[in-house]
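Below is one structure; the comments refer to it alone.
There are 2 protein chains.
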Amino acid sequence: MTAHARSTDNSDPTRPLAGVRIVEISSFVAVPLAGMTLGQLGAEVVRVDPIGGAADYRRWPVTDDQTSIYWAGLNKGKRSVAADYRSPEAQDLVQRLIADSGVLITNVVGREWHSYESLARLRPDLIHVTVSGRADGGTGVDYTVNAGLGFPMVTGPAELVTPVNHVLPAWDVACGVYTALAVVTALRHRDATGQGQRINIPLENVALATAGNLSFLTEVMVNGTGRERIGNSIYGQYGQEFASSDGVSFMIVALTGRHFRDLCELTGTTKAVAALAKTLGADFTDEGERYQHRDALTGLFSDWFCTRTATEITAALSATSVLWERYRTFAEVVDEQRVTDNPLFSALDQPRIGEYLAPGLPMSINGDYPRAVAAPALGDDTAAVLAEWLGLSGTEIDQLAESRTVATGSDAAPR
Amino acid sequence: MTAHARSTDNSDPTRPLAGVRIVEISSFVAVPLAGMTLGQLGAEVVRVDPIGGAADYRRWPVTDDQTSIYWAGLNKGKRSVAADYRSPEAQDLVQRLIADSGVLITNVVGREWHSYESLARLRPDLIHVTVSGRADGGTGVDYTVNAGLGFPMVTGPAELVTPVNHVLPAWDVACGVYTALAVVTALRHRDATGQGQRINIPLENVALATAGNLSFLTEVMVNGTGRERIGNSIYGQYGQEFASSDGVSFMIVALTGRHFRDLCELTGTTKAVAALAKTLGADFTDEGERYQHRDALTGLFSDWFCTRTATEITAALSATSVLWERYRTFAEVVDEQRVTDNPLFSALDQPRIGEYLAPGLPMSINGDYPRAVAAPALGDDTAAVLAEWLGLSGTEIDQLAESRTVATGSDAAPR
């Protein structure tokens with residue numbers, strides 16, 4: 074391990090991880106998101122890639138000239154080093170970067186040269202976090218994990234019998250944030266004890282734990298019944314989609330008694346709902362009963378929605394406690410104030426792509442949101458990181474680049 | 074603030090947060106999940122609820138005798154204190170618990186008595202993390218946030234024109250893990266600097282940041298085009314659902330060139346795919362082109378799937394590199410080895426519900442998974458926490474219980 078003076082100035086509360094260095098060997102969503110999140114909290118994150126890029130470097134969506142908007146989105150604020158992974162000399166350099174930083178996050182498992190065992194010899198207090206597919210060592214990606222779990226069979230219109238995939242890779246996202254959590258927890262533990270940690274987060278386990286925590290699995294084990302497909306209703310409470318007279322869809326949620334009373338009042342159904350309760354012998358102060366009788370209730374509420382325009386509905390709902398939202402497309406969202414006038418977003422000038430509003434970390438710290446920082450291009454920081462972290466001279470770096478052990482700048486790009 | 078000797082023994086690597094105390098004032102998913110996660114990492118988490126329970130104490134699914142499986146799932150391993158929030162004396166007690174612990178996580182915003190300003194007077198280095206609906210102060214829950222974001226308009230069969238909600242409250246889950254991350258990062262920052270933090274995580278910002286990070290918003294801003302509804306296909310690569318001759322659905326993903334070549338070989342379409350490439354002038358070594366021509370490719374592959382049984386398909390796929398999964402229901406999942414023989418799950422004897430397999434934290438630390446611990450019943454720990462944390466005597470606690478300022482055990486339950 075090479076020891077260097079490094080900034081430990083963490084007095085900026087919006088950069089609490091300042092002074093922490095992290096090496097990331099990754100592709101796709103979970104680990105890149107983890108590295109980006111740690112960077113947004115102030116860590117110096119170096120993503121190391123093979124020369125030519127990992128499997129995600131050209132992932133869609135892309136610009137007209139094939140620059141990946143996807144890659145730029147998940148690697149904001151990182152530094153990029155490119156090296157020839159097949160070269161023992163390059164492997165040695167990357168090992169030294171990991172030993173210097175003391176933290177590796179990776180979803181590239183099964184490579185002896187950056188296994189915990191190999192690296193802990195160089196850095197005994199290493200924090201080594203791997204994201205894998207399944208707990209048993211099997212492979213898996215978000216869309217296969219999700220297929221095997223149960224959610225697609227209960228998503229979509231009630232009359233469907235075929236599965237409906239999610240579009241959001243929700244397991245990747247959750248797994249990425251768990252990975253960031255694992256790193257910071259291990260850093261704090263190392264600060265206190267001097268001990269490193271070897272952590273593994275199987276993507277499927279994130280999904281299984283979530284399905285268990287949220288009772289989707291437990292209700293089968295306890296009650297012997299699994300969730301049914303209920304369209305856009307929310308299970309266990311009153312939540313429903315309604316369409317306006319001009320064909321706009323709204324999501325309406327009455328989570329509490331007050332919400333429900335307001336919804337009845339708004340739609341002029343207070344008496345009708347009371348009569349329905351009497352007829353059914355139901356108690357609509359109980360959210361479970363509101364759920365059980367949701368179709369009858371929806372029948373009563375629908376008239377109000379389908380005889381009003383979206384504008385009228387919006388104005389009326391805004392004056393109540395009811396939880397609601399107008400369904401929007403992504404194209405509509407980008408013009409909304411929630412994006413254009415939200416401190417989460419800042420204008421980012423992303424080289425090779427252009428200027429747009431990019432999100433930073435979705436939390437404010439002491440009132441401030443850490444701003445988005447542009448993503449590097451592959452190999453942008455190879456020379457600088459080798460010099461700063463490992464103390465290599467310009468001549469040494471030139472030789473490494475000449476032998477294609479590493480690549481800098483445009484020499485690192487796919488050919 | 075009352076200072077107490079407390080365990081700071083964090084030498085157990087699977088309990089790195091041992092010695093940390095956290096107060097949670099919460100309901101629903103995000104903050105309860107955050108508190109549970111922090112507890113699974115070793116923190117002592119006290120969930121404080123109003124006498125009779127918060128809005129989620131009876132949430133479905135429930136057992137035959139109306140015990141909430143949902144609540145038990147999201148509050149595993151916590152301690153429970155019940156107090157009458159309307160009583161100034163109870164507010165004072167809860168404030169003292171928060172001041173003692175130095176960490177509050179809550180989604181109950183707008184209450185002066187547990188605002189940052191009120192509490193920081195008692196504990197200047199407080200870590201105060203709030204989860205709110207929207208950045209502008211507006212309300213929002215997972216299903217309204219999701220409706221307003223764009224995902225429901227691109228989920229489900231391509232021919233649909235109406236929105237499809239997700240069943241997994243993905244934003245709540247991500248927000249909960251971000252909340253845990255915020256707490257641990259702030260703890261480490263406080264350890265180093267002595268400074269507390271005031272953090273706010275709007276649920277909608279978690280969703281907006283994710284949609285931005287994953288390019289759903291950015292591609293509109295850069296390319297002027299929004300994502301389309303593509304059924305169960307995966308955007309930007311080859312991923313597709315297929316049905317077997319006996320009607321079982323499979324999700325097939327060819328992420329890399331090797332996966333794709335294996336899929337062609339398996340289905341006996343190598344030559345046909347090459348001919349298709351020639352006809353179309355397409356380069357199927359490029360994942361973007363595999364995506365663009367997915368329907369033609371699916372047409373070629375389908376024959377193989379629809380003429381084989383699920384058992385035959387499973388056996389054949391298992392011998393390849395192709396990423397795949399058989400769609401399963403939740404009821405099927407619970408009997409799979411991935412649950413029954415996975416160290417993530419352990420047999421949990423949950424009072425009032427029974428014994429079942431419950432997930433712990435979805436990560437192994439030095440090879441071990443922290444085990445699941447049962448959830449309390451409301452008020453189970455009121456007396457113990459007031460004694461241990463605040464040093465109250467038995468007589469004082471009895472008086473508080475008698476005046477219903479606090480409630481213990483079954484006295485805390487809903488009436």
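Read top to bottom, the protein sequences are chains F and D.
Quick note, this note's numbering runs 73 ahead of the 1-based positions in the first sequence.
Quick note, this note's numbering runs 73 ahead of the 1-based positions in the second sequence.
The C-beta atom is built at its ideal place from N, Cα and C for all residues, glycine as well.
Interface residues of chain F facing residue i [CB-CB closer than 9 Å]
i: Y130 of chain D; result: The contacting residues do not exist; Y130 of chain D stays about 11 Å from chain F at best.
i: R444 of chain D; result: The contacting residues do not exist; R444 of chain D stays about 12 Å from chain F at best.
Exposed unless 16 or more other CB atoms sit within 10 angstroms - verdict on residue i
i: V234 of chain F; result: exposed
i: S318 of chain F; result: exposed
i: T380 of chain F; result: exposed
i: S476 of chain D; result: exposed
i: F183 of chain F; result: Residue 183 of chain F is actually Gly in this sequence, not Phe. G183 of chain F comes out exposed.
i: T252 of chain D; result: buried
i: T413 of chain D; result: exposed
i: W144 of chain D; result: buried
i: A163 of chain D; result: buried
i: L353 of chain D; result: exposed
i: S205 of chain D; result: buried
Own chain, CB closer than 7 Å to residue i, minus 5 neighbours either side, in chain order
i: S483 of chain D; result: none
i: R399 of chain F; result: V321, F323, A383, T387
i: A231 of chain F; result: R302, I303, G304
i: T136 of chain D; result: I142, I426
i: T291 of chain F; result: G285
i: Q139 of chain F; result: R131
i: G433 of chain F; result: Q113, L417, S419, Y442, P443, R444, A445
i: R367 of chain D; result: S306, Y311, Q313
i: F289 of chain D; result: G223, R300
Nonlocal neighbours in the same chain, by C-beta distance under 6 Å from residue i, ignoring five residues either side
i: W377 of chain F; result: T340
i: A193 of chain F; result: L199
i: F357 of chain D; result: A350, R363
Collapsed DSSP secondary structure at residue i in the structure displayed
i: S317 of chain D; result: coil
i: A91 of chain F; result: coil
i: S391 of chain F; result: helix
i: D368 of chain D; result: helix
i: I124 of chain D; result: coil
i: A327 of chain D; result: strand
i: F378 of chain D; result: helix
i: P236 of chain F; result: coil
i: S191 of chain D; result: helix
i: F64 of chain D; result: The structure shown does not extend to residue 64 of chain D, since chain D spans only 74 to 488, so no value can be given for it.
i: N415 of chain D; result: coil
i: E301 of chain D; result: coil
i: L38 of chain D; result: Examination of residue 38 of chain D is not possible in this model, given that chain D is present from 74 through 488 alone.
i: Q472 of chain F; result: helix
i: G434 of chain D; result: According to the sequence shown, residue 434 of chain D is Leu rather than Gly. If DSSP states are grouped into helix, strand and coil, L434 of chain D belongs with coil.
i: W133 of chain F; result: coil
i: D484 of chain D; result: helix
i: P161 of chain D; result: helix
is_contact[residue i, chain C] using C-beta, thresh 8 Å
i: V246 of chain D; result: Protein chains in the displayed structure are F and D, and chain C is not among them.
Chain D residues whose Cβ lies nearer than 9 Å to that of residue i
i: H239 of chain F; result: F224, T228, H239, V240, L241, A243
i: G427 of chain F; result: M294, V295
i: N90 of chain F; result: The residue asked about is misnamed: residue 90 of chain F is Leu in this sequence, not Asn. Going along chain D in sequence order, the residues near L90 of chain F (Cβ under 9 Å) are T258, R261, H262.
Under 8 Å by beta carbon: chain D residues contacting residue i
i: T329 of chain F; result: A128
i: I142 of chain F; result: S288, T291, E292, V295, N296
i: A282 of chain F; result: L417, P432, G433, L434, P435
Chain-ordered chain F contacts of residue i [CB-CB under 7 Å]
i: I438 of chain D; result: Q270, I272
i: Y216 of chain D; result: I307, G312, M324, V326
i: A193 of chain D; result: Per Cβ cutoff of 7 Å: no residues; A193 of chain D is ~11 Å from chain F at best.
i: S84 of chain D; result: T266
i: E277 of chain D; result: R411
Contact list for residue i against chain F, beta-carbon separation under 8 Å
i: T478 of chain D; result: Within chain F, no residue comes near T478 of chain D; the closest Cβ sits about 24 Å away, beyond 8 Å.
i: S158 of chain D; result: Ser is not the amino acid found at residue 158 of chain D; the sequence shown has Tyr there. Ordered by position in chain F, no residue passes the 8 Å Cβ test against Y158 of chain D, which lies about 15 Å from the chain.
Spatial neighbours of residue i in its chain, beta-carbon cut-off 8 Å, leaving aside the 5 residues before and after
i: V458 of chain F; result: V119, R152, V154, L170
i: Y308 of chain F; result: R300, Y364
Short of 7 Å Cβ to Cβ, which residues in the stretch 396-407 of chain D face chain F? Listed in sequence order: L396, W397, E398, R399, Y400, R401, T402, F403, A404, V406, V407.
Using a Cβ-Cβ cutoff of 7 Å, what residues of the stretch 285-302 of chain D are near chain F? List them in chain order. Answer in chain order: G285, N286, L287, S288, F289, L290, T291, E292, V293, M294, V295, N296, G299, R300.
When you check each C-beta in the stretch 260-275 of chain F against every C-beta of chain D, which residues fall closer than 7 Å? Contact annotation: in the stretch 260-275 of chain F, residues whose CB is within less than 7 Å of a CB in chain D are L260, R261, H262, D264, A265, T266, Q268, Q270, R271, I272, N273, I274.
Against chain D: residues of the stretch 358-384 of chain F by CB proximity under 9 Å: So the close ones are D359, E360, G361, Y364.
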